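Have a look at the structure below, then the notes.
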Amino acid sequence: MRNIAVILAGGSGQRLGENIPKQFLKIAGKKVIEHTITVFQNHSLIDEIVVVVHPDYIRDVEDISLRNSFNKLKKILLGGKERYHSSLAAINAYDEEVNLLFHDSVRPLVNERIINDCIRALLTYNAVDVAIPTTDTIIQVDDNNEIVKIPSRILLRNGQTPQAFKRSVIKAAYEKALLDPLFKTTDDCGVVLKYLPDESIYVVNGEQFNMKLTYKEDIFLLDKLFQLRSIRNQPTLLEKSEMEELQGKVVVVFGGTYGI
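Under full-length UniProt numbering, the first residue of the sequence shown is numbered 1, with each subsequent residue one higher.
Written out as C-alpha coordinates, the structure is:
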(Lines of atoms letter the chains of each structure in order from A; the text may use other names.)
(Lines give C-alpha, C1' and ligand atoms only; values in the text may rest on other atoms or scores of the structure.)
Protein backbone atom coordinates (compact mmCIF):
# COMPACT_ATOMS: atom_id res chain seq x y z
CA MET A 1 0.00 0.00 0.00
CA ARG A 2 1.24 3.47 -0.84
CA ASN A 3 2.35 5.82 1.93
CA ILE A 4 1.25 9.42 1.43
CA ALA A 5 2.72 12.24 3.54
CA VAL A 6 0.22 15.05 4.01
CA ILE A 7 1.91 18.29 5.06
CA LEU A 8 -0.65 20.52 6.76
CA ALA A 9 0.37 24.11 6.02
CA GLY A 10 -2.89 26.02 5.98
CA GLY A 11 -2.40 27.85 9.29
CA SER A 12 -1.97 31.61 9.56
CA GLY A 13 0.50 31.56 12.46
CA GLN A 14 -1.24 34.39 14.28
CA ARG A 15 0.18 33.44 17.67
CA LEU A 16 3.66 34.12 16.34
CA GLY A 17 2.84 37.75 15.57
CA GLU A 18 4.58 37.72 12.18
CA ASN A 19 3.35 39.07 8.84
CA ILE A 20 3.69 35.70 7.14
CA PRO A 21 2.60 32.24 8.28
CA LYS A 22 5.19 30.60 10.51
CA GLN A 23 5.73 27.71 8.10
CA PHE A 24 7.24 30.19 5.62
CA LEU A 25 9.71 31.75 8.05
CA LYS A 26 13.37 31.03 7.43
CA ILE A 27 15.30 28.96 9.94
CA ALA A 28 18.75 27.47 9.37
CA GLY A 29 18.89 28.75 5.81
CA LYS A 30 15.55 27.38 4.60
CA LYS A 31 11.88 27.98 5.10
CA VAL A 32 10.38 25.83 7.84
CA ILE A 33 8.08 23.98 5.44
CA GLU A 34 11.07 23.38 3.18
CA HIS A 35 12.88 21.52 5.96
CA THR A 36 9.72 19.52 6.68
CA ILE A 37 9.09 18.44 3.10
CA THR A 38 12.76 17.47 2.75
CA VAL A 39 12.44 14.87 5.52
CA PHE A 40 9.60 13.09 3.72
CA GLN A 41 11.17 13.54 0.29
CA ASN A 42 14.28 11.72 1.51
CA HIS A 43 12.40 8.92 3.28
CA SER A 44 12.52 5.68 1.30
CA LEU A 45 9.06 4.49 2.44
CA ILE A 46 7.20 7.65 1.44
CA ASP A 47 5.71 7.31 -2.03
CA GLU A 48 4.05 10.68 -2.42
CA ILE A 49 3.77 14.06 -0.71
CA VAL A 50 0.74 16.34 -0.56
CA VAL A 51 0.89 19.89 0.77
CA VAL A 52 -2.33 21.53 1.94
CA VAL A 53 -1.86 25.29 2.02
CA HIS A 54 -3.65 28.64 2.09
CA PRO A 55 -4.48 29.89 -1.45
CA ASP A 56 -2.18 32.90 -1.02
CA TYR A 57 0.86 30.64 -0.65
CA ILE A 58 0.37 28.09 -3.40
CA ARG A 59 2.98 29.82 -5.55
CA ASP A 60 5.44 29.75 -2.64
CA VAL A 61 5.07 25.99 -2.32
CA GLU A 62 5.45 25.56 -6.08
CA ASP A 63 8.67 27.59 -6.00
CA ILE A 64 10.00 25.56 -3.06
CA SER A 65 9.23 22.33 -4.89
CA LEU A 66 10.99 23.44 -8.07
CA ARG A 67 14.00 24.81 -6.22
CA ASN A 68 14.53 21.55 -4.34
CA SER A 69 13.42 19.13 -7.07
CA PHE A 70 10.81 17.59 -4.77
CA ASN A 71 9.72 14.90 -7.22
CA LYS A 72 7.49 13.21 -4.62
CA LEU A 73 5.38 16.34 -4.17
CA LYS A 74 2.48 15.47 -6.46
CA LYS A 75 -0.40 17.56 -5.12
CA ILE A 76 -0.82 21.06 -3.69
CA LEU A 77 -4.30 21.40 -2.22
CA LEU A 78 -6.26 24.35 -0.86
CA GLY A 79 -6.63 24.45 2.90
CA GLY A 80 -9.76 25.59 4.69
CA LYS A 81 -10.64 27.80 7.63
CA GLU A 82 -10.18 25.04 10.19
CA ARG A 83 -7.46 22.40 10.43
CA TYR A 84 -9.88 19.58 9.74
CA HIS A 85 -10.80 21.19 6.41
CA SER A 86 -7.19 20.65 5.36
CA SER A 87 -7.29 17.03 6.47
CA LEU A 88 -10.51 16.48 4.52
CA ALA A 89 -8.96 18.01 1.40
CA ALA A 90 -6.24 15.36 1.48
CA ILE A 91 -8.65 12.52 2.29
CA ASN A 92 -10.89 13.47 -0.63
CA ALA A 93 -7.93 13.77 -3.02
CA TYR A 94 -7.67 9.96 -3.19
CA ASP A 95 -10.12 7.27 -4.19
CA GLU A 96 -8.08 4.17 -3.44
CA GLU A 97 -6.96 2.84 -0.07
CA VAL A 98 -3.68 4.44 0.99
CA ASN A 99 -1.83 5.17 4.19
CA LEU A 100 -2.13 8.86 5.04
CA LEU A 101 0.45 10.42 7.37
CA PHE A 102 -0.74 13.86 8.46
CA HIS A 103 2.13 16.05 9.64
CA ASP A 104 2.32 19.65 10.86
CA SER A 105 4.40 21.73 8.47
CA VAL A 106 5.87 23.51 11.51
CA ARG A 107 7.47 20.35 12.94
CA PRO A 108 10.57 20.34 10.72
CA LEU A 109 12.67 18.08 12.96
CA VAL A 110 10.60 14.93 12.61
CA ASN A 111 12.98 12.07 11.92
CA GLU A 112 13.20 8.86 9.94
CA ARG A 113 12.68 6.64 12.98
CA ILE A 114 9.32 8.24 13.87
CA ILE A 115 8.08 7.92 10.29
CA ASN A 116 9.29 4.31 10.13
CA ASP A 117 7.45 3.45 13.34
CA CYS A 118 4.21 5.05 12.11
CA ILE A 119 4.27 3.12 8.84
CA ARG A 120 5.16 -0.12 10.63
CA ALA A 121 2.31 0.38 13.11
CA LEU A 122 -0.16 0.74 10.22
CA LEU A 123 0.51 -2.90 9.38
CA THR A 124 -1.41 -3.78 12.55
CA TYR A 125 -3.52 -0.73 13.38
CA ASN A 126 -5.73 1.56 11.30
CA ALA A 127 -4.94 4.69 13.31
CA VAL A 128 -1.62 5.79 14.80
CA ASP A 129 -0.58 8.77 16.89
CA VAL A 130 2.83 10.05 18.01
CA ALA A 131 3.45 11.29 21.55
CA ILE A 132 6.08 11.83 24.23
CA PRO A 133 5.77 11.46 28.02
CA THR A 134 4.53 14.52 29.85
CA THR A 135 7.26 16.02 32.03
CA ASP A 136 5.25 18.81 33.63
CA THR A 137 2.44 18.27 36.11
CA ILE A 138 -0.91 18.71 34.37
CA ILE A 139 -3.73 20.31 36.31
CA GLN A 140 -7.43 20.51 35.53
CA VAL A 141 -9.28 23.67 36.54
CA ASP A 142 -12.92 24.73 36.67
CA ASP A 143 -14.62 27.90 35.41
CA ASN A 144 -13.31 29.78 38.46
CA ASN A 145 -9.72 28.83 37.59
CA GLU A 146 -9.51 26.60 40.64
CA ILE A 147 -7.85 23.19 40.56
CA VAL A 148 -10.30 20.32 40.53
CA LYS A 149 -7.99 17.48 39.54
CA ILE A 150 -4.31 16.62 39.10
CA PRO A 151 -4.09 13.56 36.84
CA SER A 152 -1.22 11.13 37.22
CA ARG A 153 1.52 11.79 34.68
CA ILE A 154 2.17 8.08 34.20
CA LEU A 155 -0.57 7.73 31.59
CA LEU A 156 -0.36 11.25 30.13
CA ARG A 157 1.40 12.08 26.87
CA ASN A 158 2.04 15.20 24.81
CA GLY A 159 0.74 14.64 21.31
CA GLN A 160 2.90 15.24 18.23
CA THR A 161 2.66 14.37 14.55
CA PRO A 162 2.58 12.53 12.19
CA GLN A 163 -0.83 11.04 12.81
CA ALA A 164 -1.27 8.11 10.45
CA PHE A 165 -4.38 6.35 9.16
CA LYS A 166 -5.76 3.97 6.63
CA ARG A 167 -7.67 6.35 4.38
CA SER A 168 -10.93 4.39 4.69
CA VAL A 169 -10.87 4.69 8.49
CA ILE A 170 -10.18 8.42 8.80
CA LYS A 171 -12.72 9.03 6.01
CA ALA A 172 -15.40 7.04 7.87
CA ALA A 173 -14.65 8.93 11.08
CA TYR A 174 -15.06 12.31 9.39
CA GLU A 175 -18.25 11.23 7.64
CA LYS A 176 -19.79 10.57 11.05
CA ALA A 177 -18.28 13.72 12.55
CA LEU A 178 -19.73 15.98 9.88
CA LEU A 179 -23.22 14.74 10.76
CA ASP A 180 -22.73 15.99 14.31
CA PRO A 181 -23.92 19.62 14.66
CA LEU A 182 -21.63 20.04 17.68
CA PHE A 183 -18.55 18.69 15.91
CA LYS A 184 -15.37 20.51 16.85
CA THR A 185 -11.80 19.27 16.75
CA THR A 186 -8.17 20.24 16.26
CA ASP A 187 -6.88 16.68 16.06
CA ASP A 188 -7.46 13.87 13.57
CA CYS A 189 -6.93 11.09 16.12
CA GLY A 190 -9.54 12.78 18.27
CA VAL A 191 -12.06 12.37 15.46
CA VAL A 192 -11.40 8.63 15.26
CA LEU A 193 -11.50 8.30 19.06
CA LYS A 194 -14.90 10.01 19.32
CA TYR A 195 -16.70 8.77 16.24
CA LEU A 196 -15.13 5.31 15.83
CA PRO A 197 -14.71 4.37 19.51
CA ASP A 198 -14.10 0.69 18.71
CA GLU A 199 -11.07 1.55 16.59
CA SER A 200 -7.81 1.18 18.54
CA ILE A 201 -5.29 4.00 18.15
CA TYR A 202 -1.66 2.98 18.62
CA VAL A 203 0.84 5.48 20.03
CA VAL A 204 4.35 5.67 18.60
CA ASN A 205 7.08 7.21 20.75
CA GLY A 206 7.96 10.70 19.57
CA GLU A 207 11.02 12.81 20.32
CA GLN A 208 11.51 15.95 22.41
CA PHE A 209 13.08 17.74 19.45
CA ASN A 210 10.06 16.99 17.21
CA MET A 211 8.70 20.29 18.49
CA LYS A 212 6.09 22.55 16.95
CA LEU A 213 6.92 26.13 16.02
CA THR A 214 4.23 28.11 17.84
CA TYR A 215 5.73 31.14 19.59
CA LYS A 216 8.55 33.57 18.81
CA GLU A 217 10.83 31.93 21.34
CA ASP A 218 10.50 28.68 19.38
CA ILE A 219 12.29 30.26 16.41
CA PHE A 220 15.54 30.56 18.35
CA LEU A 221 15.15 27.12 19.92
CA LEU A 222 14.55 25.46 16.54
CA ASP A 223 17.54 27.25 15.06
CA LYS A 224 19.76 25.91 17.86
CA LEU A 225 18.37 22.41 17.40
CA PHE A 226 19.24 22.55 13.70
CA GLN A 227 22.76 23.65 14.64
CA LEU A 228 23.10 20.75 17.08
CA ARG A 229 21.87 18.29 14.48
CA SER A 230 24.36 19.68 11.98
CA ILE A 231 27.19 19.21 14.48
CA ARG A 232 26.12 15.61 15.16
CA ASN A 233 26.20 14.92 11.43
CA GLN A 234 29.74 16.26 11.04
CA PRO A 235 32.58 13.76 10.56
CA THR A 236 34.19 12.58 13.79
CA LEU A 237 37.77 13.35 14.78
CA LEU A 238 40.41 12.17 12.35
CA GLU A 239 41.70 8.65 12.82
CA LYS A 240 45.34 8.21 13.88
CA SER A 241 46.34 7.06 10.37
CA GLU A 242 44.75 10.16 8.86
CA MET A 243 46.56 12.40 11.35
CA GLU A 244 49.86 10.78 10.42
CA GLU A 245 49.26 11.60 6.76
CA LEU A 246 48.93 15.28 7.70
CA GLN A 247 52.21 15.44 9.62
CA GLY A 248 54.43 18.22 8.27
CA LYS A 249 51.69 19.56 5.99
CA VAL A 250 49.88 22.91 6.04
CA VAL A 251 46.16 22.53 6.75
CA VAL A 252 43.66 25.28 5.87
CA VAL A 253 40.49 25.25 7.99
CA PHE A 254 37.33 26.63 6.37
CA GLY A 255 34.23 27.53 8.32
CA GLY A 256 35.97 28.05 11.66
CA THR A 257 34.43 30.73 13.87
CA TYR A 258 35.96 30.61 17.31
CA GLY A 259 37.68 28.30 19.73
CA ILE A 260 40.54 27.40 17.37
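Glycine is no exception: its CB is placed at the ideal position from the N, C-alpha and C atoms. Remember, it's a predicted structure, so these values are computed and weren't measured experimentally.
### Task
For Asp117, collect the residues of the same chain with a Cβ closer than 6 Å to its Cβ; drop the 5 residues on either side in sequence, then sort them by chain order.
Within the sequence shown, the letter at position 117 stands for residue 117. Here the set comprises Val204.
### Task
Compare the Cα-Cα distances from Asn92 to each of Val6, Gln140, Ile219, Leu179 and report the closest residue.
One-based indexing of the sequence shown puts residue 92 at position 92. The residue with the shortest Cα to Cα distance from Asn92 is Val6.
### Message
By the three-class DSSP mapping on this structure, what secondary structure does Lys249 have?
### Response
Here residue 249 refers to the residue found at position 249 when the sequence shown is read from its first residue. If DSSP states are grouped into helix, strand and coil, Lys249 belongs with coil.
### Message
Please classify Ser168 as buried or exposed, where buried requires at least 16 neighbouring CB atoms within 10 angstroms.
### Response
Your numbering for residue 168 matches position 168 in the sequence shown. Ser168 is exposed by the Cβ-count criterion.
### C-alpha distance - Tyr258 paired with Leu156, whole-angstrom precision
On the sequence shown, residue 258 is found 258 positions in, with the first residue counted as 1. On the sequence shown, residue 156 is found 156 positions in, with the first residue counted as 1. Since pLDDT at Tyr258 reaches only 45, below the 50 mark, its modelled position is unreliable, and no value is offered.
### Message
Under 8 Å, with one C-beta from each stretch per pair, do the region 105-112 and the region 71-88 reach the 3-pair mark?
### Response
no
### Ser44 burial status per 10 Å Cβ neighbour count (16 or more: buried)
As a first step, residue 44 is located in the sequence shown; it is residue number 44 there, counting from the start. Result: exposed.
### Query
Relative to the C-alpha of Ile154, which residue among Asn145, Asp136, Ile170 is closest?
Along the sequence shown, one-based indexing puts residue 154 at 154. The shortest C-alpha separation from Ile154 is found at Asp136.
### Sequence-distant residues of the same chain with beta carbon closer than 7 Å to residue 329, five excluded per side
The requested residue 329 is not part of the displayed model; the chain covers only 1 to 260.
### Task
Excluding the 5 residues preceding and the 5 following Gly79 in the sequence, name in chain order all residues of the same chain whose CB lies nearer than 6 Å to its CB.
The sequence position of residue 79 within the sequence shown is 79, counting from 1. The residues are Gly10, Val52, Val53, His54, Ser86.
### Task
Report the residue ranges of all beta strand (DSSP E) runs contained in full by the region 163-211; include only those spanning at least 3 residues, in chain order.
201-205
### Query
Taking the DSSP output, what are the residues bridged to Ala9?
Taking the first residue of the sequence shown as position 1, residue 9 is located at position 9. BP columns for Ala9 point to Val53.
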